[in-house]
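K.L.:
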Amino acid sequence: MTKAPEILCVGSVLWDVIGRSASAMRQGSDVPGRITRGPGGVALNIAMALARFGLRPALLSAVGRDGEGDELVVACISLGLGTEYLYRSDDLPTDVYMAIEGANGLIAAIADAHSLEAAGDKILRPLMDGRLGTAQTPFAGTVALDGNLTQALLEHIATAPALARADLRVAPASPGKAERLQPFLTHPRAVLYVNLEEAGLLAQTRFDDSASAADALVKRGAARVLVTDGGRPASEAAQTAPTISHAPAPVLMTRVTGAGDTFMAAHIAAELDGAPRAQALIRALEAAARYVSGETIP
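Count along the sequence shown from 1, add 84, and you get the number used in the working numbering.
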């Protein structure tokens, strides 16, 4: 890329291996379906969606110098993503995510992001060495982070001088990693994107709806938070504005993996385009609904 990226996507960049069936499934089900492999990972999913919305995202992550990594980088470049800041490891393999989806949603998934975790703060070098910024000249754009980063690295990012001016957009990647977002729960420049279950894990309680969850996280110190709840209303709460909610349009679900990342990317894109809060929430829900239904977005 010749132009500076408008947004950095920091986190998992890997191969998604997804098995999908039109049948409802439960533990032990053995059904016909399709198995696909494609570029994935939360940071990469967000970046791909941002590119479809006409933005210029760049990736900060770890990708191996193996055949899978070379193929993944070529795929990212073809999608219009900045790969020049990736940390390419000689001794770490390219990460992979595997999931099973049925007509009743996500059945199970395993995220093997061990190489990303092992790389640690090496993925942040472009923010320190002048390519994207330094501690004295912090990166001042938007940064999308995902919870596949280690707790220690997320804590470092929350206080890093090189990101002291960044607009931080943070997602947990999965309910199992929601508690890693604690360093951003009271961060004054962080916007949290969580689902209802993840909100409950962050607040150490259970919620019946997205509005109560968003309000509770703001009361706990969050500057701003968006909470989704599948086909039920999503909500946004903030310290300085009233809580808003909107219900997504009902659609026939054909895929699940990546829906939350699409929501987050569409919301960021809408706000960078100048959309007010309510309109940005609506546009994000519309994009997520189109994604889940199998449509190409935007």
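Each residue gets a CB set at the ideal place from its N, CA and C atoms; glycine is no exception.
By DSSP's criteria, Tyr181 is part of a beta bridge. Which residues make up the other side?
P.N.:
Asp100, Ala195.
K.L.:
According to DSSP, what are the bridge partners of Ile207?
P.N.:
None, per the DSSP bridge assignment.
K.L.:
Quick check on this structure: which residue in Val340, Leu269, Pro334 has the alpha carbon closest to the alpha carbon of Gly186?
P.N.:
If we check each option's Cα against that of Gly186, Val340 comes out closest.
K.L.:
Taking the alpha carbon of Ala262 as the reference point, which residue from Thr221, Pro272, Thr327, Glu281 has its own alpha carbon closest?
P.N.:
The shortest C-alpha separation from Ala262 is found at Glu281.
K.L.:
Between Ala244 and Cys93, how many whole angstroms is the CB-CB distance? I'm expecting something under 8 Å.
P.N.:
That pair is no contact at about 17 Å.
K.L.:
Measuring alpha carbon to alpha carbon, tell me which of Gln111, Leu310, Val115 ends up nearest Arg104.
P.N.:
Answer by Cα proximity: Val115.
K.L.:
Mapping DSSP to helix, strand and coil, what is Leu233?
P.N.:
In the structure shown, Leu233 sits in coil (DSSP, three-state: anything other than H, G, I, E or B).
K.L.:
Return the bridge partner residues of His330 from the DSSP annotation.
P.N.:
BP columns for His330 point to Ala318.
K.L.:
Between Leu310 and His351, which are expected to be in contact by the criterion C-beta below 8 Å, what is the C-beta distance as a whole number of angstroms?
P.N.:
That belief holds up - the Cβ atoms of Leu310 and His351 are roughly 7 Å apart, short of 8 Å.
K.L.:
Taking only three categories from DSSP, how would you classify Arg140?
P.N.:
Three-state result, Arg140: coil.
K.L.:
According to DSSP, is Tyr171 helix, strand or coil?
P.N.:
Three-state DSSP puts Tyr171 in a strand.
K.L.:
For Pro360, does the count of other Cβ atoms within 10 angstroms reach 16, so buried, or fall short, so exposed?
P.N.:
It is exposed - the Cβ of Pro360 has fewer than 16 other Cβ atoms within 10 Å.
K.L.:
Are the beta-carbon atoms of Ala133 and Asp345 separated by less than 8 Å?
P.N.:
Taking 8 Å as the Cβ cut-off, Ala133 and Asp345 qualify as a contacting pair.
K.L.:
With DSSP as the reference, label Asp114 as helix, strand or coil.
P.N.:
The answer is coil: DSSP assigns Asp114 none of H, G, I, E or B.
K.L.:
Just to confirm my understanding: we take Ala197, look at its own chain, exclude 5 residues before and 5 after, and list those with CB closer than 6 Å. What are they?
P.N.:
Ser96, Asp179, Asn232, listed in sequence order.
K.L.:
Pick out whichever of Ala343, Phe291, Leu365 has its Cα sitting closest to the Cα of Ala353.
P.N.:
Of the listed residues, the one whose Cα sits closest to Ala353 is Leu365.
K.L.:
Can you find at least 3 beta carbon pairs, one from the region 324-333 and one from the region 274-291, that sit closer than 8 Å?
P.N.:
No: the two stretches stay apart, fewer than three of their Cβ pairs being nearer than 8 Å.
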